[in-house]
Amino acid sequence: MYDLNKILVGLAIFLLFFTFPILYGMGSAVPVPKPKLDTPEIQKLTDKKCVEDTHFMRTSHMQFLNYWRDRAVREDHRTYESKLNGKKYDISLQNTCMKCHSNKKDFCDSCHTYASVKPYCWDCHIEPKAAKESM
Amino acid sequence: MKASRREFLKLAGVSALFGLGANAAFELLTPGALEASSEVAHGAAHGEAAAGVQAATRWAMVIDVRKCILQEDCQDCVLACNSTHNIPTVGNPKEEIKWIWKDTFEHLFPDQHSQYVDEGLEGKAFPVMCNHCDNPPCVRVCPTKATFRRPDGIVMMDMHRCIGCRFCMAACPYGARSFNWRDPRKYFEGKEAMLNPEQPTRTKGVVEKCTFCPERLAKGLEPACVEACKKRKSDCLIFGNLNDPESEVRKILRKRTSIRRKPELGTKPSVFFLV
Numbered sequence: 009m010y011d012l013n014k015i016l017v018g019l020a021i022f023l024l025f026f027t028f029p030i031l032y033g034m035g036s037a038v039p040v041p042k043p044k045l046d047t048p049e050i051q052k053l054t055d056k057k058c059v060e061d062t063h064f065m066r067t068s069h070m071q072f073l074n075y076w077r078d079r080a081v082r083e084d085h086r087t088y089e090s091k092l093n094g095k096k097y098d099i100s101l102q103n104t105c106m107k108c109h110s111n112k113k114d115f116c117d118s119c120h121t122y123a124s125v126k127p128y129c130w131d132c133h134i135e136p137k138a139a140k141e142s143m
Numbered sequence: 002m003k004a005s006r007r008e009f010l011k012l013a014g015v016s017a018l019f020g021l022g023a024n025a026a027f028e029l030l031t032p033g034a035l036e037a038s039s040e041v042a043h044g045a046a047h048g049e050a051a052a053g054v055q056a057a058t059r060w061a062m063v064i065d066v067r068k069c070i071l072q073e074d075c076q077d078c079v080l081a082c083n084s085t086h087n088i089p090t091v092g093n094p095k096e097e098i099k100w101i102w103k104d105t106f107e108h109l110f111p112d113q114h115s116q117y118v119d120e121g122l123e124g125k126a127f128p129v130m131c132n133h134c135d136n137p138p139c140v141r142v143c144p145t146k147a148t149f150r151r152p153d154g155i156v157m158m159d160m161h162r163c164i165g166c167r168f169c170m171a172a173c174p175y176g177a178r179s180f181n182w183r184d185p186r187k188y189f190e191g192k193e194a195m196l197n198p199e200q201p202t203r204t205k206g207v208v209e210k211c212t213f214c215p216e217r218l219a220k221g222l223e224p225a226c227v228e229a230c231k232k233r234k235s236d237c238l239i240f241g242n243l244n245d246p247e248s249e250v251r252k253i254l255r256k257r258t259s260i261r262r263k264p265e266l267g268t269k270p271s272v273f274f275l276v
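Respectively, the protein sequence lines represent chains A and B. Using our numbering, you'd call the opening residue of the first sequence number 9 and step up by one each time. Using our numbering, you'd call the opening residue of the second sequence number 2 and step up by one each time.
This is the structure in structure tokens:
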């Protein structure tokens, strides 16, 4: 075989280069994010519950937000009755969801960054912090 | 199977007869059903109200031009709308965003072919907005149903669905629609205090227009422009339900002469001007 040494060196360099991202991040696993729930608005609640139970909100909030969007914008039904306790909520991302979860950075973004998803809600909807800073 | 020419022609003829008779057979067995189903589908697709069925509510705006032209420099309705809906001040008229704006009689009613315009009206500006037509051409052309007609007559925009093709802008004969050529947030940089935190802005590449403030109507409030006009006590804008014969809009339309923009197009606007 010709140039065996050169090929082996080249292969080693290639392998090192290709596996660099894995080797570099080895042992420093990013911890699973824990969205913070300690906003003043949530502290005030006696019964600390979202519109539906935590598991459902965690797994299906995207579909649920789409459902809310269609109910309000397309069907003009602007109140939602919770299946948890029958409590009524105004259907609104800015005025209901973000009233409690006013910490977008520590709540929404913590998971979205971890999972590398980029929802475009905030292209139009105003996040509470931007509004607060300006007050 | 081996068919002779004679047999093939026989079969083809009988099949053709059946085909031609199918429509008649439907008519005979379920009269009207076939036509009705296609009409319902058509009406629903285009967001038109089914003929003969009247919704309980039909929102409409009446603009008292005679009263409004007395308030010459008033922009209260426009400013109220802009601040409620986070509408940016663009500056460049080619890219401007407007839901409600003021213009002159000659511009708004070019089809009123009077060579001699009433001196009181000439050059005087009064507000206009989306006409919320009964037969909205913008809704017909929208490929994604981002704009649609609600049962209460409001021609609504669903910004989530708008792809920015601007067919609706080409279709609207009233120039009531505006396109976001740039990110509207850009115009609020350093002026974040002006943003209404209860309402969204729009994003680059969507079309927007007046929506008669459905989020306010749901709370029993009147549109922001009407509220601002009433606050000033000039009462040029009257908002109400056309399908209620005792509503304020119906009462004033009975008393005064009203005109609508480009009625010859058959769009049936629900914004009336008292002249």
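Even for Gly, the Cβ is constructed at its ideal location relative to N, Cα and C.
Inset, instruction - Assign PRO89 of chain B to one of three DSSP states: helix, strand, or coil. - result: PRO89 of chain B falls in the coil class under three-state DSSP.
Legend entry - Completely contained beta strand (DSSP E) runs for the stretch 228-262 of chain B, where each covers 3 or more residues: Entirely contained in the stretch 228-262 of chain B, the beta strand (DSSP E) runs reaching 3 residues are, in chain order, 238-242.
Legend entry - Beta-carbon gap between THR47 of chain A and ASN111 of chain A smaller than 8 Å: Note that the C-beta distance between THR47 of chain A and ASN111 of chain A is below 8 Å.
Inset, instruction - Taking C-beta pairs closer than 8 Å, name the residues in chain B that ASN103 of chain A reaches, listed in chain order. - result: Residues of chain B with a Cβ closer than 8 Å to the Cβ of ASN103 of chain A are, in chain order, GLU199.
Legend entry - Segments of 3+ residues assigned as beta strand (DSSP E) that fall wholly inside the stretch 145-181 of chain B: Secondary structure remark: continuous beta strand (DSSP E) runs of at least 3 residues inside the stretch 145-181 of chain B, in chain order: 148-150, 156-158.
Inset, instruction - State the CB to CB distance for the pair VAL140 of chain B and VAL156 of chain B, rounded to an integer number of angstroms; the pair is presumed to be in contact (CB under 8 Å). - result: Correct: roughly 6 Å between the Cβ atoms.
Inset, instruction - Could you run through the stretch 112-136 of chain A and flag, in chain order, every residue whose CB is less than 8 Å away from some CB of chain B? - result: Those residues of the stretch 112-136 of chain A that come within reach of chain B (Cβ to Cβ, closer than 8 Å) are TYR128, ASP131, CYS132, HIS133, ILE134, PRO136.
Inset, instruction - Work out the CA separation of ALA123 of chain A and THR58 of chain B for me, nearest whole Å. - result: Between THR58 of chain B and ALA123 of chain A, the C-alpha separation is close to 46 Å.
Legend entry - Cβ-based burial, MET143 of chain A [other Cβ within 10 Å; buried from 16]: In this predicted model, MET143 of chain A has a pLDDT of only 39, less than 50, meaning its place in the structure is not dependable; the value taken from the coordinates is given anyway. Under this definition MET143 of chain A is an exposed residue.
Inset, instruction - For VAL81 of chain A, decide whether its Cβ has a neighbour in chain B, counting only Cβ atoms nearer than 8 Å. - result: VAL81 of chain A counts as touching chain B.
Inset, instruction - Write down every uninterrupted run of the alpha helix (DSSP H) in the stretch 84-134 of chain B whose length is 4 residues or greater and which is fully enclosed by it, in chain order. - result: Fully enclosed alpha helix (DSSP H) runs of 4 or longer: 106-109.
Inset, instruction - Name the residue from B:PRO270, B:LEU266, B:LEU275 whose alpha carbon lies nearest to the alpha carbon of ASP1 of chain B. - result: As shown, chain B starts at 2 and ends at 276. That puts residue 1 of chain B outside it, with no answer to give.
Inset, instruction - Just the chain A side, please: which residues come within less than 9 Å of THR202 of chain B by C-beta, in chain order? - result: Close to THR202 of chain B, with beta-carbon spacing below 9 Å, are these residues of chain A in chain order: ASP131, CYS132, HIS133, ILE134.
Inset, instruction - Pick out whichever of A:THR121, A:HIS120, A:GLN71, A:SER100 has its Cα sitting closest to the Cα of ILE134 of chain A. - result: It is A:SER100.
Inset, instruction - Pull out every residue of the stretch 178-199 of chain B whose Cβ sits closer than 7 Å to any Cβ of chain A, in chain order. - result: If you check each beta-carbon in the stretch 178-199 of chain B against every beta-carbon of chain A, the ones closer than 7 Å belong to GLU193, ALA194, LEU196, PRO198, GLU199.
Inset, instruction - May I ask you to list, following chain order, the residues of the stretch 210-236 of chain B that have a beta carbon less than 9 Å from some beta carbon of chain A? - result: Contact residues of the stretch 210-236 of chain B toward chain A are PRO215, GLU216, LEU218, ALA219, LYS220 (C-beta to C-beta distance below 9 Å).
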